[in-house]
Amino acid sequence: MTRFQSEHDIFRDSVRQFIEKEVLPVADTWEANGYIPRDMWKKMGELGFLGINLPSEYGGTEADFWYSVAFLEEVGRSGYGGFSASVAVQEYMAIAHLARAGSHELKQKFLAPAIAGEQIGALAISEPNIGSDVANLETSAVLEGDFYRLNGSKMFITNGGHADFVTVAARTGGKGAEGVSLLIVESQSEGFKANPLQKLGWHCSDTAELVFEDVLVPKSHLIGKENHGFYYIMESFQLERLVGAILAIGGMDRCLEMTRDYIASRKAFNRPIGSFQAIRHRFVDLLTEFEAARQLTYLACDQYAKGEMAVQACSMAKLYATELSNKVADVCLQLHGGYGYMNEYPISRFYRDSRVGTIAGGTSEIMREILAKTCLDQVRYDSKYQVGSDEQTADGPGVEEILLSLPQRFRSEKANGFAGVVQFHIQGSGGGEFTAHIQNSACSVEPGLKGEADCHLRTDAETYCAMELGQLAPEAAFMSGKVKVDNIPVLMQFTRLFSRFPT
Ligand SMILES: Cc1cc2nc3c(=O)[nH]c(=O)nc-3n(C[C@H](O)[C@H](O)[C@H](O)COP(=O)(O)OP(=O)(O)OC[C@H]3O[C@@H](n4cnc5c(N)ncnc54)[C@H](O)[C@@H]3O)c2cc1C
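This is the structure:
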């Protein structure tokens with residue numbers, strides 16, 4: 344299964360040649376210095392490598408997603424995980440939110456120079472006390488006139504020490520997911536400090552702790568809508584995870600190639616070690632798993648390229664490819680014997696660099712948590728989160744129309760003896776109260792709160808419609824507190840009984 348056409352292959356070749364000529368000869372110096380020099384960003388910008396899927400209005404190429412897949416595989420194949428990480432953060436994370444939800448002025452100011460390689464960007468979500476649990480981040484941004492006053496700190500920020508601007512997730516509202524916004528913060532701002540961090544691998548990508556002490560951020564640097572940052576982050580997680588998987592695929596491809604050459608040339612007991620069955624079998628096992636990871640990653644790429652939410656496929660691809668990368672690194676180092684442990688052998692760098700793949704961009708444990716929800720709890724992510732976008736449900740069907748259509752959408756064959764009463768408390772303009780009954784494999788709905796209920800669902804009209812129309816993932820709505828339910832098992836059984844509202 345492949346979706347690459349000949350033009351993608353030509354592009355891939357040009358990226359490979361660029362890396363062989365411009366990156367590999369000097370990357371060890373970058374590793375020693377701990378960062379990628381500015382002229383390299385400019386070179387990549389000039390070649391159009393930093394805005395592959397981004398709008399031409401700001402200097403991007405607007406190419407299809409498979410160009411990005413080819414690009415990232417080649418970047419991963421460089422064998423320098425730090426280079427891969429820095430480039431991926433610049434193009435697919437630091438400016439992703441800006442490209443999607445930023446104002447034209449913000450895009451002109453930051454997106455265009457980032458695509459040109461003239462400015463370096465970073466994305467700062469993780470904090471010293473908060474990593475996986477993004478909704479509870481603590482950095483605060485308090486609006487004072489035309490500025491937000493930013494205080495707090497961010498941890499493990501890739502490109503953080505050399506970035507010109509950072510997309511910062513900060514709390515502008517109350518507790519939880521609903522109070523998070525994204526702001527562009529310039530690193531030259533007074534009160535902004537970057538403390539470099541030393542790490543096991545990814546040496547040529549600079550990683551920093553960022554500290555904000557009363558940094559004044561112009562109000563115009565808010566990305567999209569205030570307090571919608573968590574949803575922007577949730578949506579971009581799919582791309583972030585996919586990028587992690589693709590880089591792992593590129594890296595493993597190179598690692599396996601190097602190891603195949605090594606076991607063919609290295610001799611023991613007067614034979615190439617690659618002729619010993621123990622080694623041959625171990626190696627082809629890796630090739631088999633690698634191919635499975637690659638095809639799973641391409642499946643996720645395919646769904647993502649078609650505009651699907653692809654939560655399950657992206658999480659599976661990230662989980663499987665990065666976990667396998669650790670295994671490939673370990674076994675391939677073993678097959679290199681003592682030389683594999685020496686720094687001058689690229690396999691030792693691959694071993695160091697691949698280790699963080701199962702941590703950064705969402706840990707393997709968090710991927711498994713997401714998969715458990717989608718595979719076991721039937722949580723659906725039908726389409727992209729669109730909370731925060733202006734084209735919500737303004738002209739679409741209302742709460743009453745959607746709820747009263749439940750009997751027509753009822754799938755009696757799924758009821759399987761289930762009986763229950765769910766009451767809907769939908770607030771805000773266009774809301775109302777309704778009671779839905781499931782009994783004897785039949786469904787009825789009536790306005791008002793009638794009788795005893797097994798489950799109460801409370802939300803506002805906008806959120807309810809967005810969920811029913813597939814514009815907001817129920818999971819996101821629950822996590823953000825926009826929807827409150829007092830009996831989740833009953834609601835899960837209930838929702839499975841209906842086909843989607845026709846749009
Ligand atoms: C080199 C590097 C570069 C990075 N770059 C960036 C960057 O550019 N921007 C940015 O914002 N962040 C960045 N990160 C941060 C990275 O995304 C976080 O490290 C990651 O999300 C995990 O958060 P944490 O380290 O706080 O771990 P924690 O969230 O504290 O987790 C610790 C352990 O507990 C497990 N755990 C947590 N919750 C659960 C649960 N519910 N169920 C089961 N297990 C759980 C985790 O899987 C992990 O094993 C980077 C990290 C590294 C190491």
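Residues in the sequence shown are numbered consecutively from 344, following this note's numbering. A virtual CB, placed ideally from N, CA and C, is assigned to each residue, including glycine. Nothing here was measured: the structure is a model prediction, and the numbers come from that model.
A straight line joining the alpha-carbon of Q655 with that of R711 spans about 10 Å.
Going by DSSP, N376 is part of the alpha helix (DSSP H) stretching over 370-376. DSSP lists Q770 as the beta-bridge partner residues of D803. Counting only the Cα atoms, S496 lies some 20 Å from E487. Burial of M383 is indicated by the presence of at least 16 other C-beta atoms within 10 angstroms of its C-beta. In this structure, A648 sits near W409, with a CB-CB distance shorter than 8 Å. About 5 Å separates the beta carbon of A439 from that of S579, a gap short enough to meet the 8 Å contact definition. In this structure D696 is buried. Its beta-carbon is surrounded by 16 or more other beta-carbon atoms within 10 angstroms. With a cut-off of 7 Å, the C-beta of G474 is classified as near ligand 1, since at least one heavy atom of the ligand falls inside that distance. Close CB contacts of G402 within its chain, under the 7 Å cut and outside five residues either way in sequence, are with G394, A455, I458, A459 (chain order). Less than 8 Å separates the beta-carbon of E569 from that of S524. Closest option to Y574, judged by alpha-carbon separation, among P817, S772, H351: P817.
Secondary structure at H564: helix, using DSSP grouped into helix, strand and coil. With respect to the 8 Å criterion, I622 and L441 are not classified as neighbours on the basis of their beta carbons. The closest heavy atom of ligand 1 lies 7 Å or more from the beta carbon of T510. Unbroken alpha helix (DSSP H) stretches of 4 residues or longer found wholly inside the stretch 645-702: 654-678, 689-697, given in chain order. In the structure shown, the three-state DSSP call for C798 is strand. For A465, the enclosing beta strand (DSSP E) stretches over residues 464-467.
For H440, the uninterrupted alpha helix (DSSP H) segment begins and ends at 439-444. For E743, the three-state secondary structure derived from DSSP is helix. Per the C-alpha coordinates, the member of K364, F414, E448 positioned closest to E350 is F414.
In the three-state reduction of the DSSP assignment, H780 falls in the strand class. For the beta strand (DSSP E) assignment, the uninterrupted runs of no fewer than 3 residues enclosed by the stretch 511-567 are, from N- to C-terminal side, 523-529, 535-539, 550-561. Between G773 and G741, the C-beta spacing is below 8 Å. Per DSSP, the continuous beta strand (DSSP E) segment holding E789 begins and ends at 785-790. In this structure, the alpha-carbon of A672 lies about 28 Å from that of G504. Your pair G544 and G683 does not check out as a contact, with CB atoms roughly 15 Å apart and the cut at 8 Å. Around the beta carbon of E470, 16 or more other beta carbons lie within 10 angstroms, which makes this residue buried.
Cα atoms of I690 and I500: separation of roughly 26 Å, rounded to the nearest angstrom. Straight-line spacing of the CA atoms in Y641 and Y663 works out to 13 Å.
For E578, the CB stays at least 7 Å from every heavy atom of ligand 1.
Within the chosen limit of 7 Å, ligand 1 reaches the beta carbon of K542 through at least one heavy atom. For I500, the enclosing beta strand (DSSP E) covers residues 490-501. Taking a contact to require three or more Cβ pairs closer than 8 Å, the stretch 623-638 and the stretch 445-452 do not qualify as touching. The beta carbon of I473 lies closer than 8 Å to those of N479, L480, E481 in the same chain, with the five residues before and after it left out.
Assignment of A611 by DSSP, reduced to helix, strand and coil, places it in the strand class.
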